[in-house]
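In the UniProt record's numbering, the protein residues as written are 1 to 62. For glycine and all other residues, C-beta sits at the position ideal for the given N, C-alpha and C.
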């Protein structure tokens with residue numbers, strides 16, 4: 001699933017590790033999501049959106 005997590009994460013100044021810790025997942029999970037190798041659960045998508053101060057819709061718009 002295409003997403004804007006990498007772009008938004010960098011704009012907000014988060015490393016993959018920092019975002020992962022805020023979302024209680026591994027850095028590898030964030031990396032896999034950013035590289036379209038893993039689709040997050042709805043719960044994780046909402047956590048990422050909350051940490052990045054955006055909406056789930058914005059995270060996953062093409």
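| By a C-beta neighbour count over all protein chains shown, 10 Å radius and 16 as the cutoff for buried, is residue 19 buried or exposed? | A residue is called buried once 16 or more other Cβ atoms fall within 10 Å of its Cβ, and residue 19 is buried on that count.
| query | Which of the three DSSP states, helix, strand or coil, is assigned to residue 25? | reply | Residue state, collapsed to three classes: coil.
| task | Closer than 7 Å by C-beta to residue 22: which residues in its own chain qualify, once you throw out the five before and the five after it? Chain order, please. | result | Short of 7 Å from the beta carbon of residue 22, and not among the five residues preceding or following it, lie these beta carbons of its own chain, in chain order: 51.
| Neighbour-count burial assignment, residue 24, 16 or more Cβ in a 10 Å radius | When all chains shown are included, residue 24 counts as exposed.
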